[in-house]
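From first to last, the protein sequence lines stand for chains L and G. Take 129 as the starting number for the first sequence in my numbering and just add one per residue. Take 40 as the starting number for the second sequence in my numbering and just add one per residue. Ideal Cβ positions, reconstructed from N, Cα and C, are used throughout, including at glycine. Written below as structure tokens is the structure these notes are about.
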Amino acid sequence: MLRLHSYVYHRPANLEEAVALLTEHAGDVLPIAGGTDLVPNMKHRLFTPGHLVALRGLRELKGISDADGLIRLGAAESLASIAADPLIKEVLPSLAEACGDISGPQLRRMGTIGGNVCLDTRCTYYNQTFFWRQALGFCLKKDGDDCHVVKGGTRCVAAHSADAATALMTLDASLELAGPGGRRSLPIEQFFTSDGVWNRRMDAAEILVAIHVPRPAPGSRFSFQKLRIRNSIDFPLVNLAAACRLDADGKVESLRMVASGMGAYPRKIGKIEDAARGNRLEDAVIETIAHETFRQSRPLDNIPVDKDWRRAMVPVLARRALEAMAG
Amino acid sequence: MKQILELRVNGDRHEVGVPTHFTLLETLRYVLGLTGSKQGCDKGDCGACTVIVDGEAVLSCIMPVQEAEGREVRTVEGIAGRRGAHPLQKAFDLTGAAQCGFCTPGILCSALALLEVNPQADRDEIARALSGNLCRCTGYTKIFEAVLLAGQAMSSGREPAEIIGEP
Ligand SMILES: Cc1cc2nc3c(=O)[nH]c(=O)nc-3n(C[C@H](O)[C@H](O)[C@H](O)COP(=O)(O)OP(=O)(O)OC[C@H]3O[C@@H](n4cnc5c(N)ncnc54)[C@H](O)[C@@H]3O)c2cc1C
Ligand code: SF4
Ligand code: FES
Ligand code: FES
Chain L
129 MLRLHSYVYH RPANLEEAVA LLTEHAGDVL PIAGGTDLVP NMKHRLFTPG HLVALRGLRE
189 LKGISDADGL IRLGAAESLA SIAADPLIKE VLPSLAEACG DISGPQLRRM GTIGGNVCLD
249 TRCTYYNQTF FWRQALGFCL KKDGDDCHVV KGGTRCVAAH SADAATALMT LDASLELAGP
309 GGRRSLPIEQ FFTSDGVWNR RMDAAEILVA IHVPRPAPGS RFSFQKLRIR NSIDFPLVNL
369 AAACRLDADG KVESLRMVAS GMGAYPRKIG KIEDAARGNR LEDAVIETIA HETFRQSRPL
429 DNIPVDKDWR RAMVPVLARR ALEAMAG
Chain G
40 MKQILELRVN GDRHEVGVPT HFTLLETLRY VLGLTGSKQG CDKGDCGACT VIVDGEAVLS
100 CIMPVQEAEG REVRTVEGIA GRRGAHPLQK AFDLTGAAQC GFCTPGILCS ALALLEVNPQ
160 ADRDEIARAL SGNLCRCTGY TKIFEAVLLA GQAMSSGREP AEIIGEP
């Protein structure tokens with residue numbers, strides 16, 4: 129049995145009211161959407177805000193729509209509704225798959241896409257009860273000043289573990305944020321930082337309102353791959369999203385890959401586009417790219433399961449993604 | 040700190056005073072005395088706490104109770120009707136789909152939410168619908184058999200016992 133701390137639960141009627149509540153209680157408040165990450169974390173006393181501001185009922189955060197070549201995903205849309213949406217399945221299949229691969233069915237009906245983008249980083253030494261963490265000695269992400277993963281380390285390297293966010297990184301997505309200072313928009317590629325304590329360029333009192341994704345150009349192909357122990361419920365051990373555009377002859381015009389579940393942010397794999405451009409996705413090209421993903425991946429002992437095996441699986445996921453996009 | 044909430048559970052209206060930091064599961068178990076929904080991991084990992092909210096199977100251990108306000112909550116206690124056990128429950132009994140029974144209330148809720156929209160669900164669809172419910176005893180085979188049988192019963196209006204030729 130895991131008890132929550134005492135808090136006040138606010139259910140604002142609209143976005144404006146939500147922003148006002150976050151401003152009023154700044155420092156002692158967090159937004160809550162599906163609660164599927166935040167509630168377990170609060171039960172572990174990783175967060176103990178005196179106030180929670182519920183986002184689930186906000187009309188401004190709802191809806192999946194398509195206008196002028198831009199797809200808008202309301203941040204409070206559930207993972208299940210995105211995974212099942214006919215438009216998303218057709219034009220952004222890697223996102224639909226990533227959402228559909230998160231945890232289990234009950235959780236996907238509660239958890240939101242916005243909560244996934246804002247997901248806290250994870251670590252073996254962090255996602256534990258207060259008692260557990262106290263017994264071992266707190267770490268610098270919460271209550272302490274050591275890192276148990278990198279001995280003597282001075283910065284947290286907990287793992288970014290959000291599947292939908294990894295897919296969005298390959299889709300030119302941009303984030304619409306609302307805060308006390310008004311609205312702003314930020315490309316998701318600039319959103320994440322390498323600081324595992326708080327890996328988002330976003331204030332705790334800001335609200336992610338929507339995610340905007342441009343409709344992909346003709347010839348675009350996508351893939352999302354995930355490694356986990358069981359094919360349900362489990363977080364990714366590593367994941368990989370890929371997007372490419374092929375010309376009429378099947379030759380690569382552009383290629384992008386992002387992998388996560390290793391460090392504090394989803395990592396763009398560099399140097400692969402040159403190897404791919406102008407070539408068909410055939411064995412030799414696939415091998416070169418897969419090797420590059422291996423070279424650039426450095427999983428850590430921050431989540432369960434051997435890091436060397438997780439590293440060895442990155443090129444396997446890359447190969448699967450490339451073969452799926454070629455076929 | 041307590042809050043007065045109006046909840047609808049298994050068709051009954053309750054006005055309850057609950058600590059503001061209670062989950063739906065804690066409210067069901069410790070305020071309303073509905074201990075059928077199980078507190079397993081208590082953090083979203085196992086599905087033992089699964090209940091049906093507005094027709095959808097969700098995890099009550101990570102749902103703040105306020106989120107259930109104004110919605111229709113159904114628990115394992117509400118599955119049986121006035122005429123006794125539901126076909127799904129009868130099917131579980133007939134096929135031996137419950138062993139220790141700890142996972143059963145959650146599995147019944149996941150399965151019922153599926154069968155109510157799709158009584159013809161095939162084995163794969165059933166497996167997918169139950170993939171958020173851990174069972175450590177059965178190995179799932181008999182659970183799938185039970186849900187298939189219940190689906191047949193629900194779509195044909197026949198008794199599960201009659202379908203498998205039991206007396
Ligand atoms: C057993 C289990 C398995 C899981 N497996 C996976 C998995 O495989 N892959 C995966 O990616 N995730 C997984 N998750 C994590 C999580 O459930 C999902 O990522 C989900 O999408 C989180 O969304 P939420 O709405 O529930 O977020 P919440 O828990 O409500 O919020 C998470 C964080 O984001 C903030 N937040 C939420 N919405 C907003 C917003 N609109 N604006 C600003 N801040 C916001 C909250 O303040 C909080 O800090 C798992 C969780 C559990 C418990
Ligand atoms: S990476 Fe280090 S500092 Fe960060 S949560 Fe893990 S043990 Fe703590
Ligand atoms: S008790 Fe809710 S998922 Fe385990
Ligand atoms: S019957 Fe024992 S856990 Fe399922």
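Asked, Found
"Cutoff 6 Å; reference GLU111/G; Cβ partners in own chain excluding five residues on either side", "ARG47, ASP93"
"Residue nearest to VAL277/L in terms of C-alpha spacing, selected from ASP156/L, ASP434/L, ALA212/L", "ASP434/L"
"GLY162/L and GLY243/L closer than 8 Å at C-beta", "yes"
"Three-state secondary structure assigned by DSSP to ASN142/L", "coil"
"Under 9 Å from the C-beta of LYS190/L: neighbouring residues of chain G", "Neighbours of LYS190/L on chain G: none; closest Cβ ~15 Å, over 9 Å."
"Whether LEU198/L touches ARG343/L by CB criterion (8 Å)", "yes"
"Span of the alpha helix (DSSP H) around ASP132/G", "126-134"
"8 Å Cβ cutoff, PRO103/G in contact with chain L", "yes"
"Proximity test, Cβ basis, 8 Å: ASP163/G and chain L", "no"
"The stretch 377-390 of chain L in contact with the stretch 417-428 of chain L per 3-pair CB rule at 8 Å", "yes"
"Environment of GLN159/G [buried if 16+ CB atoms lie within 10 Å]", "exposed"
"Those residues which DSSP pairs with THR240/L across a bridge", "SER206/L"
"Helix, strand or coil at GLU334/L according to DSSP, with G and I counted as helix", "coil"
"Secondary structure of CYS246/L, DSSP reduced to three states", "coil"
"Cβ shell of LEU409/L (< 7 Å), same chain only, five flanking positions each side left out", "VAL380, LEU450, MET453, ALA454"
"Residue of ASN367/L, ARG283/L, ILE316/L, ILE339/L minimising C-alpha distance to TRP456/L", "The question about residue 456/L has no answer, for chain L in this structure spans 129 to 455."
"Contacts that SER360/L makes with chain G (C-beta to C-beta distance below 7 Å)", "SER170, GLY171"
"Assumed close pair LEU223/L, LEU314/L - CB separation to whole angstroms, cut-off 8 Å", "Their Cβ separation, rounded to whole angstroms, is 18 Å, which puts LEU223/L and LEU314/L out of contact at 8 Å."
"Proximal residues of chain G, C-beta to C-beta of GLN256/L below 8 Å", "Chain G residues near GLN256/L: none, gap ~11 Å exceeds 8 Å."
"Within chain G, partners of SER134/L - CB distance below 9 Å", "MET40, PRO58, THR59, HIS60"
"The stretch 261-278 of chain L touching the stretch 305-314 of chain L, judged by at least three CB pairs closer than 8 Å", "no"
"For GLY307/L: DSSP bridge partner residues", "GLY310/L"
"Short-range partners of chain G found in the stretch 142-169 of chain L, where Cβ spacing is below 8 Å", "ILE160, GLY163, THR164, VAL167, PRO168"
"Supposed close pair LEU207/L, GLY239/L - CB separation, criterion 8 Å", "5 Å"
"Identified DSSP bridge partners for THR89/G", "LEU98/G"
"GLY56/G: first and last residue of the uninterrupted beta strand (DSSP E) it sits in", "51-58"
"Cα-Cα separation, LEU303/L to GLN42/G", "35 Å"
"Inter-stretch contact (C-beta, 8 Å, three-pair minimum) for the stretch 168-175 of chain G and the stretch 109-125 of chain G", "no"
"The beta strand (DSSP E) enclosing HIS419/L, as first and last residue numbers", "No beta strand (DSSP E) holds HIS419/L; the alpha helix (DSSP H) holding it covers 411-424."
"Whether ILE241/L touches LEU201/L by CB criterion (8 Å)", "yes"
"One or two residues paired with ASP274/L in a DSSP bridge", "CYS267/L"
"PRO233/L at chain G interface by Cβ criterion, 8 Å", "yes"
"Anticipated Cβ contact below 8 Å, VAL211/G with ARG439/L, distance rounded", "What is shown of chain G runs 40 to 206, which leaves residue 211/G out entirely."
"Reduced DSSP category for ASN169/L - H, G, I as helix; E, B as strand; rest coil", "helix"
"Exposed unless 16 or more other CB atoms sit within 10 angstroms - verdict on ASN142/L", "exposed"
"Inter-residue spacing [alpha-carbon to alpha-carbon] between ILE165/G and PRO144/G", "16 Å"
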